[in-house]
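Data block below; observations after.
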Amino acid sequence: MNAPAWQPEPPTVVVAAAHQMRGPLSSVRLRLELLQDRFENAADPAPGRELAGILREVARLSDVLEQVLAWGAVEHAAARAETADALTVAALRADAWSAAARARGAYLEVTGERASLVQQRGTLEQTLDVLLDNALKVSPAGGTVRISVHREPPGEVAVDVCDEGPGMSLEEIARACEPFWRGRAGRGGRGSGLGLTIAAALLGASGGRLELGARGGPCGLRARAVLPADTFARPVPAQACAPSTGGTPLLRTTS
């Protein structure tokens, strides 16, 4: 596994500019939507198609702004530490993404052990949302995105997200957390190029890290979120997850 070392903080002026652009962009979007309604039943469909294309680009710009604001929020968020069970969080996020997986003809599988960790509130949830979104975008039809949870010595919990996509080269991994940078698999699709930047910043703020592994075996890219273990947690029964038909994970207790 390779840890992307560059975990920058967003320049204050960039975050301020994103805040200032949010309102005008929303106004532009609303006006375009109203204009599109006027052309909905027009005899000439060309203006409506053109407006739909413009609205898609406006939506993409809105996504970028929201990602920039989320990036800035990591730096300024008040520290609110909490403990969480990594396997439960993984199962819940997989369930939340199961509809998106089915829409892409992919499956989600969650396995591992119960492991309590310490994080700033919502860190693992937000990180998994980034990693699952990325994994599903590159997964082939019929492919499986595998999430596994395990303890890492000394005193850490690791959550791996493994896809069956084309993976990343070592050169791409070295740049993966740069803001707005996108690898060859992500070019041409919708996205801001900030997801891994934000995930790395979130994990770093909780004393953790993001690791990326180059292609190996059936795994295209292995993204690993590492967070401090809750060393005061009481032992709990081991649990595992398995996908049901359709790919929705089901939590089950094993002895």
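Residue 61 is where the sequence shown starts when you use my numbering, and the numbers rise one by one after that.
Beta carbons are placed, not taken as given, at the ideal position from N, Cα and C, and that holds for glycine.
Since D193 sits in a beta bridge, which residues does DSSP pair it with? Looking up residue 193 in the sequence shown gives position 133. DSSP output for D193 lists no bridge partner at all.
Sub-8 Å separation of A150 and V205 beta-carbons: Here the question's residue 150 lines up with position 90 in the sequence shown. Here the question's residue 205 lines up with position 145 in the sequence shown. The beta carbons of A150 and V205 sit no closer together than 8 Å.
Just to confirm, is the Cβ distance from L42 to V118 under 8 Å? Any answer about residue 42 is impossible in this case: the structure gives the chain only from 61 up to 315.
Which residue marks the beginning of the beta strand (DSSP E) containing E212, and which one marks its end? The residue labelled residue 212 in the question sits at position 152 within the sequence shown. From DSSP, the beta strand (DSSP E) with E212 extends over 204–212.
For a test of the three-state rule: what should DSSP assign to P105, helix, strand or coil? Position 45 of the sequence shown, counted from the start, is the residue given in the question as residue 105. Here P105 carries a coil assignment [DSSP, helix/strand/coil].
Taking the straight line between their C-alpha atoms, what separation do you get for Q180 and A146? As a working note, residue 180 is residue 120 in the sequence shown. As a working note, residue 146 is residue 86 in the sequence shown. Inter-residue distance for Q180 and A146 is about 13 Å (C-alpha atoms, whole angstroms).
Whole-angstrom distance between V286 and I332, CA atom to CA atom: Here the chain has residues from 61 to 315 only, and residue 332 is not among them.
Anticipated Cβ contact below 8 Å, P288 with V124, distance rounded: Locating residue 288 in the sequence shown gives position 228, counting from the first residue. Locating residue 124 in the sequence shown gives position 64, counting from the first residue. Actually they do not touch by this definition, with Cβ atoms about 32 Å apart.
Cβ shell of G243 (< 6 Å), same chain only, five flanking positions each side left out: In the sequence shown, the residue the question calls residue 243 occupies position 183. Excluding residues within five positions, the ones whose Cβ falls inside 6 Å are M228, E232.
Select from S176, A103, S122, R98 the residue whose C-alpha is nearest the C-alpha of A111. As a first step, residue 111 is located in the sequence shown; it is residue number 51 there, counting from the start. A small correction: the amino acid at residue 111 is Leu; Ala does not occupy that position in the sequence shown. Across the set S176, A103, S122, R98, the C-alpha of R98 shows the shortest separation from the C-alpha of L111.
With a cut-off of 8 Å on the beta carbons, I'd call L270 and C237 a contact; round off their distance for me. Taking the first residue of the sequence shown as position 1, residue 270 is located at position 210. Taking the first residue of the sequence shown as position 1, residue 237 is located at position 177. A Cβ-Cβ distance of about 7 Å is found for the pair L270 and C237, placing them in contact under the 8 Å criterion.
Which value, in whole angstroms, describes the spacing of the CA atoms of G172 and I207? Against the sequence shown, residue 172 aligns to sequence position 112. Against the sequence shown, residue 207 aligns to sequence position 147. Computed Cα separation, rounded: 8 Å.
For Q80, count the other beta carbons within 10 Å of its own beta carbon; 16 or more makes it buried, fewer makes it exposed. Which is it? Along the sequence shown, read from residue 1 onward, the residue named residue 80 stands at position 20. Exposed is the call here.
Rounding to the nearest angstrom, what Cα-Cα distance links S158 and L196 in this structure? Residue numbering aside, residue 158 sits at position 98 when the sequence shown is read from its first letter. Residue numbering aside, residue 196 sits at position 136 when the sequence shown is read from its first letter. Just so you know, the alpha carbons of S158 and L196 end up roughly 10 Å apart.
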